[in-house]
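Participant: One structure follows; several queries about it will come next.
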Amino acid sequence: MNKSLFAAITAPLLVALSLTACNSSTAKPEAPLEGARIGGPFALTDQNGKTVKDTDFAGKFRIIYFGYSYCPDVCPVDLQKIAAGFARFEKQQPERASQIQPIFITIDPERDTPQVLKQYVGAFHPRLIGLTGTPEQIKQVADAYLVMYKAQKPAGADPKAYLVDHSRQAYLMGKKGEPIALLPYDGTPEAIAAEIDKWTA
Ligand code: NI
Numbered sequence: 003m004n005k006s007l008f009a010a011i012t013a014p015l016l017v018a019l020s021l022t023a024c025n026s027s028t029a030k031p032e033a034p035l036e037g038a039r040i041g042g043p044f045a046l047t048d049q050n051g052k053t054v055k056d057t058d059f060a061g062k063f064r065i066i067y068f069g070y071s072y073c074p075d076v077c078p079v080d081l082q083k084i085a086a087g088f089a090r091f092e093k094q095q096p097e098r099a100s101q102i103q104p105i106f107i108t109i110d111p112e113r114d115t116p117q118v119l120k121q122y123v124g125a126f127h128p129r130l131i132g133l134t135g136t137p138e139q140i141k142q143v144a145d146a147y148l149v150m151y152k153a154q155k156p157a158g159a160d161p162k163a164y165l166v167d168h169s170r171q172a173y174l175m176g177k178k179g180e181p182i183a184l185l186p187y188d189g190t191p192e193a194i195a196a197e198i199d200k201w202t203a
């Protein structure tokens with residue numbers, strides 16, 4: 003991802019984070035993203051071709067990562083680490099882990115069909131769900147989660163072989179879909195499991 007895109011992505015997120023910073027008078031430690039305007043309703047299509055809505059996960063925590071299956075380097079590494087962290091937490095706390103849904107949402111719906119996603123998500127974790135949709139549906143959900151993306155399609159290049167610049171956030175969302183924290187997607191499985199543990203107790 004290039005630097006200006008990164009700045010464009012980070013700025014709104016920092017604003018969202020700073021809005022919650024002055025509000026820490028309660029005894030209970032406040033979640034880093036508490037009160038931030040991140041997330042919202044969606045209706046997308048899963049890797050089995052079934053319509054999935056945010057409300058289908060009511061009562062469950064969600065780990066949400068946006069990316070695309072053709073991503074050559076960043077997405078597969080992040081997903082591997084998130085999956086390893088989640089798997090570690092699953093081993094330590096199987097019952098609590100069963101109440102957490104890991105979700106991958108594509109920002110490349112043109113190529114990431116349900117069939118493509120089915121192969122892809124299965125390679126990372128058996129419980130990882132892959133979601134795609136129309137370009138409009140994906141734009142809407144990406145906007146709601148402050149995720150920016152842009153396909154790089156230079157004139158004259160192979161129209162099927164393009165890269166997509168995109169922001170890199172692994173969200174931990176609460177049981178009502180409210181934002182809780184960003185997971186350290188480049189951390190060790192221990193660090194990721196510890197962060198999941200901290201906010202889902
Ligand atoms: Ni990627």
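Using our numbering, read the sequence shown as starting at 3 and increasing by one per residue. C-beta atoms are modelled at their ideal positions from N, C-alpha and C, and glycine is treated no differently. Remember, predicted model here, so these are calculated numbers, not experimental data.
#1: Tell me where the beta strand (DSSP E) around L81 begins and ends.
#2: Can you grab the Cα-Cα spacing for the pair Q49 / P104, in whole Å?
#3: Could you tell me if A163 is buried or exposed, where buried requires 16 or more neighbouring beta carbons within 10 angstroms of its beta carbon?
#4: Report buried or exposed for S197, applying the criterion of at least 16 other Cβ atoms within 10 angstroms of its Cβ.
#5: With distances taken from CA atoms, which of A195, E180, P191 is nearest L35?
#6: Return the bridge partner residues of D48 from the DSSP annotation.
#7: Alpha carbons only, please: which of G189, A183, D56, A195 is nearest the one belonging to I107?
#8: Would you mind listing the alpha helix (DSSP H) stretches within the segment 135 to 180 that are 4+ residues and don't spill past its ends, in chain order?
#9: Which residue marks the beginning of the beta strand (DSSP E) containing Y122, and which one marks its end?
#10: Sorry if obvious, but does the Cβ on V54 come closer than 7 Å to a heavy atom of ligand 1?
#11: Using the C-alpha atoms, what's the distance from A157 back to I140?
#12: Going by C-alpha distance, which of I66, E138, I194 is nearest K83?
#13: For D160, which residues of its own chain have a beta-carbon under 6 Å away from its beta-carbon, when the five flanking residues on both sides are left out?
#14: So, with DSSP's three-state summary, where would you put R64?
#15: Among the residues of its own chain, which have a CB less than 7 Å from the CB of H127, if the five just before and after it don't count?
#16: If we ignore side chains and look at the alpha-carbon of each, how far apart do L174 and I182 end up?
#17: Spell out the partners DSSP gives T108 in its beta bridges.
Facilitator: If we stick to the structure as given:
#1: Within the sequence shown, residue 81 is the residue found at index 79, counting from 1. Run containing L81: none in the beta strand (DSSP E); it sits in the alpha helix (DSSP H), 76 to 94.
#2: Numbered from 1 along the sequence shown, position 47 holds the residue referred to as residue 49. Numbered from 1 along the sequence shown, position 102 holds the residue referred to as residue 104. Looking at the two C-alpha atoms, the distance is approximately 13 Å.
#3: Taking the first residue of the sequence shown as position 1, residue 163 is located at position 161. Classification for A163: exposed.
#4: For this step, residue 197 is matched to residue 195 along the sequence shown. It should be noted that the sequence gives Glu, not Ser, for residue 197. It counts as buried.
#5: The residue given as residue 35 occupies position 33 in the sequence shown. When each option's Cα is compared against that of L35, the closest is E180.
#6: Working through the sequence shown from its first residue, we reach residue 48 at position 46. Note: D48 sits in a beta bridge opposite L133.
#7: Residue numbering aside, residue 107 sits at position 105 when the sequence shown is read from its first letter. Ranking the options by Cα distance to I107, first place goes to D56.
#8: 137 to 146
#9: Locating residue 122 in the sequence shown gives position 120, counting from the first residue. It is not in any beta strand (DSSP E) - Y122 instead sits in the alpha helix (DSSP H) that spans 116 to 124.
#10: The residue given as residue 54 occupies position 52 in the sequence shown. It does not: the Cβ of V54 is nowhere closer than 7 Å to a heavy atom of ligand 1.
#11: Here the question's residue 140 lines up with position 138 in the sequence shown. Here the question's residue 157 lines up with position 155 in the sequence shown. Computed Cα separation, rounded: 24 Å.
#12: As a working mapping, residue 83 is identified with position 81 in the sequence shown. Nearest option by C-alpha distance: I194.
#13: Here residue 160 is taken as the residue at index 158 of the sequence shown, counted from 1. Within the same chain, D160 has no close Cβ partners at all.
#14: By one-based count along the sequence shown, residue 64 stands at place 62. Strand at R64.
#15: The residue you call residue 127 lines up with position 125 of the sequence shown. If we look at H127 and ignore the five residues flanking it on each side, its Cβ neighbours are A85, F88, A89, P104.
#16: Taking the sequence shown and counting its residues from 1, one reaches residue 174 at position 172. Taking the sequence shown and counting its residues from 1, one reaches residue 182 at position 180. Answer to the nearest angstrom: the Cα atoms are 6 Å apart.
#17: Position 106 of the sequence shown, counted from the start, is the residue given in the question as residue 108. Answer by DSSP bridge pairing, in chain order: G69.
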